[in-house]
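Okay, structure first, notes after.
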Amino acid sequence: MFDFFFIIEKLILISAVLGITLFIAAYSTLAERKLAAFFQDRIGPDRAGPFGLLQPLADGLKFLFKEAIIPAKADRFLFVLGPSLSMLAACMACAVIPWGPDLMLFGRTVALQITDLSVGLLYLFGLVSFGVYGVMIGGWASNNKYSLLSTIRASSQMISYELAMGLSLIALVLTTGTLSIREIVLGQPGWHWNILAQPLGFMIFIVCAFAETNRVPFDLPECETELVGGYHTEYSGMQLGFYLFAEYINMFISSAVMTCLYFGGFQMPFIASLGLPQNVVALFGVVFFFVKILMFLFLFIWIRWTLPRFRYDQLMRLGWTGLIPLAIINLLATAVFQLCN
Amino acid sequence: MSDIFFWVFSVMAVVSALSVVLNRNPIYSVLSLIVCFFSIAGHYVLMGALFLCAVHIVVYAGAIMVLFLFVIMLMNLKDVPEFVSKWWHFGAAGAAVAAMVFGLATHLFQSYNPRVIGDMQLKPIAQALFTTYAVPFELSAILFLSAVIGVVALGKSE
Amino acid sequence: MIPTYSYLVLGCILFSIGTLGVLIRRNVVIVLMCIELMLNAVNLILVSVCEPVFVFFIMMVAAVEVSVGLALIARVYRKFGTTDISTFGQLKG
Chain A
156 MFDFFFIIEK LILISAVLGI TLFIAAYSTL AERKLAAFFQ DRIGPDRAGP FGLLQPLADG
216 LKFLFKEAII PAKADRFLFV LGPSLSMLAA CMACAVIPWG PDLMLFGRTV ALQITDLSVG
276 LLYLFGLVSF GVYGVMIGGW ASNNKYSLLS TIRASSQMIS YELAMGLSLI ALVLTTGTLS
336 IREIVLGQPG WHWNILAQPL GFMIFIVCAF AETNRVPFDL PECETELVGG YHTEYSGMQL
396 GFYLFAEYIN MFISSAVMTC LYFGGFQMPF IASLGLPQNV VALFGVVFFF VKILMFLFLF
456 IWIRWTLPRF RYDQLMRLGW TGLIPLAIIN LLATAVFQLC N
Chain B
11 MSDIFFWVFS VMAVVSALSV VLNRNPIYSV LSLIVCFFSI AGHYVLMGAL FLCAVHIVVY
71 AGAIMVLFLF VIMLMNLKDV PEFVSKWWHF GAAGAAVAAM VFGLATHLFQ SYNPRVIGDM
131 QLKPIAQALF TTYAVPFELS AILFLSAVIG VVALGKSE
Chain C
380 MIPTYSYLVL GCILFSIGTL GVLIRRNVVI VLMCIELMLN AVNLILVSVC EPVFVFFIMM
440 VAAVEVSVGL ALIARVYRKF GTTDISTFGQ LKG
């Protein structure tokens, strides 16, 4: 009754997924700096290792060895809790993402997904709203008015864009008819990607994803020119590292989620007609999935070094009077379309 | 296995609920209530109501508690007395709660009829919401709309 | 196997704690939070008894109640500068 191999399999899968997530998040910091250098006609970091490939390691060590200062008037417990919650919410999201088709190993079917929740989409949505707490608690516990101001900015931005995100997801669920991420991916074989059914929904979702990850053009919570350093002004050492790193993990996870929901996830066109064995198909699927994710990561970085940031009132106006009505129209149109079919 | 989890979630819920009531710092009260809601969500999972658990987290932890945290962070609550001041207030409160528990115990425990704990499907709930309970559902939509208008009217400065 | 009355007992305990909080706290925000706790205790018992349709309605009403309640509290705070529950006695006509 107690399936020993099942537990071993899941343990290996969990460590692999966490390891790959942290690895890609670490190397997207390097990619960010290298691409920024490319866009600005510089060389970028090239001292640590060949082509600067060891730079993330050096950055991590630097964060680790720096003194973590807790301000005298800060609430010590909450000050540490804030970045930990941010990191936790970022890492928990990879549990429901299907990384590839089933593998056949030693006569067992191994699903490349930690757990296939029947409410996976709601789980992700809950984690998005849970991520607000890390920012709010950390900013408040710093006992600094600039931290508090940018905390209020960050959390009201996240809450506002959650609404439009939720509405665009409801329209997606209307077309797919399921909340399980795996079933959503399996429902888009070949070229039948959901982006073709929900182009407007995808546009709304990607804008909201940028806002939720606090990336340019929505990086108001941490704009140095107005608010010193944002909600993590008082942070230093590894606690600051957690906040900054959580942003890159969130970028990776939201790229994976966008790929799963709108771009077919691990589904690869034309592969079914080649008649390859299942394990080969699965490996191709995983590789293709990661190619799509890396393209989204490139998009995140590309936009950061191309566009200027919004003003705060422009951001709020876009969210409340632009995206939410658009998402409602999209939802109504999808509902009418589904009703007519 | 689920027995252990039942006790873990129950102890968590009761301890964090007590912490909500007894903590002097409002921020810690809010955080304790969030912990309490998560342990109640754990109970929902144990009862097989996965969808309900997800909705519970999104509504309570994701929306309602964020509002509370916002309000408490923005108000300077340093000089508010947190507890009632006179000892007989505590006595009266305790007596009222004791009387209520007695009433609950004598009344509820006789008529309590638990359902079979099992996996709860999404479809029957959705169908019930849109057929049997369609009128209350629409009414709650109107309630939401009126609340939005009311909050905007209340929030505007004079 | 979970004992039969366990969810009823747990719900009653949480409901009592919430009631106690409403009676002994003076900060209106905390009182509102204790009311949320009581609603959740009821939800827990309801889920152990029947299909959770009513629970969704309770959640909807709770969300509405909190948003309107907090807006009222913010309004009173702006006028009196405090959230002590006794200031609410001064609200007339």
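Chains A, B and C, in that order, give the protein sequences.
Just so we're aligned: 233 in the numbering used here is position 78 of the first sequence, and the numbers increase by one with no gaps anywhere.
Just so we're aligned: 102 in the numbering used here is position 92 of the second sequence, and the numbers increase by one with no gaps anywhere.
Just so we're aligned: 445 in the numbering used here is position 66 of the third sequence, and the numbers increase by one with no gaps anywhere.
All C-beta atoms in this analysis are idealised placements derived from N, C-alpha and C, irrespective of residue type, glycine included.
Remember, it's a predicted structure, so these values are computed and weren't measured experimentally.
- How about isoleucine 225(A) and methionine 83(B): are their beta carbons less than 9 Å apart? It is not a contact, given that the beta carbons lie outside the stated cut-off.
- What are the residues of the region 402-413 of chain C that lie near chain B, defined by any Cβ-Cβ distance shorter than 7 Å? Leu402, Ile403, Arg404, Arg405, Asn406, Val408, Ile409, Met412, Cys413
- Query: When DSSP labels each residue in this structure, what does proline 238(A) get in the three-state scheme?
  - Reply: helix
- Query: Once you ignore the five residues that flank isoleucine 167(A) on each side, which residues in its own chain have a CB closer than 7 Å to its CB?
  - Reply: none
- Task: Work out the CA separation of aspartate 13(B) and valine 410(C) for me, nearest whole Å.
- Result: 33 Å
- Item | Contact residues within the region 249-280 of chain A, judged by C-beta distance below 8 Å to chain B | Leu272, Ser273, Val274, Leu277, Tyr278, Phe280
- Item | Proximal residues, the region 115-139 of chain B versus chain C, C-beta separation under 9 Å | Ala115, Leu118, Phe119, Tyr122, Asn123, Pro124, Arg125, Ile127, Met130, Pro134, Ile135, Ala138, Leu139
- Task: Quick one: grab the DSSP three-state call for methionine 380(C).
- Result: Note that methionine 380(C) scores a pLDDT of 46, beneath 50, so its modelled location is shaky; the value from the coordinates is reported in the next line. DSSP places methionine 380(C) outside both helix and strand once states are collapsed to three, so it counts as coil.
- Message: Could you give the first and the last residue of the continuous beta strand (DSSP E) run that contains alanine 266(A)?
- Response: That run of the beta strand (DSSP E) goes 263-267.
- Backbone secondary structure at aspartate 463(C) - three-state DSSP: Under the three-state reduction of DSSP, aspartate 463(C) is assigned to strand.
- Item | Interface flag, valine 18(B) vs chain C, CB-CB below 9 Å | no
- Item | Counterpart residues of methionine 259(A) in DSSP-defined beta bridges | Thr264(A)
- Going straight from the alpha carbon of valine 162(B) to that of leucine 77(B), what length do you get? Just so you know, the alpha carbons of valine 162(B) and leucine 77(B) end up roughly 15 Å apart.
- Is DSSP giving arginine 337(A) helix, strand or coil here? helix
- Query: Quick one: what does DSSP say phenylalanine 93(B) is sitting in, helix, strand or coil?
  - Reply: strand
- Cβ pair isoleucine 479(A), alanine 319(A) closer than 9 Å: yes
- Alpha carbon to alpha carbon, what distance is there between isoleucine 44(B) and valine 401(C)? 18 Å
- How would you write the range of the alpha helix (DSSP H) that glutamate 415(C) sits in, first residue to last? In this chain, the alpha helix (DSSP H) harbouring glutamate 415(C) covers 407-428.
- Given that glycine 165(B) touches chain C, what residues does it touch there, using C-beta distances under 9 Å? Ala450, Ala453, Arg454
- Task: Pair every Cβ in the region 298-312 of chain A with every Cβ in the region 341-360 of chain A, then say whether three or more of these pairs are closer than 8 Å.
- Result: no
- Item | serine 395(C) versus valine 107(B): straight-line alpha-carbon distance, rounded | Spanning the two alpha carbons is a distance of roughly 6 Å.
- Query: Between Ser428(A), Glu389(A), Pro424(A), which lies nearest to phenylalanine 444(A) when the distance is taken from Cα to Cα?
  - Reply: Pro424(A)
- Nearest residue (CA-CA) to proline 256(A), options Gln433(A), Arg472(A), Pro463(A): Comparing C-alpha distances from proline 256(A) to each of Gln433(A), Arg472(A), Pro463(A) shows the shortest one belongs to Gln433(A).
- Query: With isoleucine 50(B) and alanine 71(B) assumed to form a contact (beta carbons below 8 Å), what rounded beta-carbon distance in angstroms separates them?
  - Reply: About 10 Å separates the two Cβ atoms, so there is no contact after all.
- Task: Starting from leucine 79(B), find everything on chain A with Cβ-Cβ shorter than 7 Å and list it in chain order.
- Result: Met291
- Opposing strand residues paired with arginine 308(A) [DSSP bridges]: BP columns for arginine 308(A) are empty, so no partner.
- Task: Could you tell me the boundaries of the alpha helix (DSSP H) in which asparagine 298(A) lies?
- Result: Neither: asparagine 298(A) is in no alpha helix (DSSP H) and is coded neither H nor E.
- Is the region 423-442 of chain C touching the region 150-162 of chain B, taking contact as three or more C-beta pairs under 8 Å? yes
- Message: Rounded to whole angstroms, what is the Cα-Cα separation between leucine 177(A) and methionine 406(A)?
- Response: 12 Å
- Query: How many angstroms separate the CA atom of lysine 169(B) from the CA atom of arginine 404(C)?
  - Reply: With chain B represented from 11 up to 168, any question about residue 169(B) goes unanswered, as that position is not in the structure.
- Message: Check whether the region 383-392 of chain A and the region 314-330 of chain A are in contact - that is, three or more C-beta pairs closer than 8 Å.
- Response: no
- Query: What does a CB cutoff of less than 6 Å around glycine 390(C) pick up in its chain, not counting 5 residues either side in sequence?
  - Reply: Ala420, Leu423, Ile424
- Task: Verify the CB distance criterion: does valine 111(B) have a CB-CB separation below 9 Å to chain C?
- Result: yes
- Item | Boundaries (first-last residue) of the alpha helix (DSSP H) holding cysteine 391(C) | Membership of cysteine 391(C) in the alpha helix (DSSP H) is indicated by the continuous run 385-403.
- Task: Assuming alanine 326(A) and glutamine 343(A) form a contact by the criterion Cβ under 8 Å, report the distance between their Cβ atoms to the nearest whole angstrom.
- Result: Rounded, the Cβ-Cβ distance is 15 Å, inconsistent with contact.
- Message: I want to see whether chain E comes within less than 9 Å of glycine 468(C), judged by CB atoms only; does it?
- Response: Chain labels in this structure do not include chain E; the protein chains are A, B and C.
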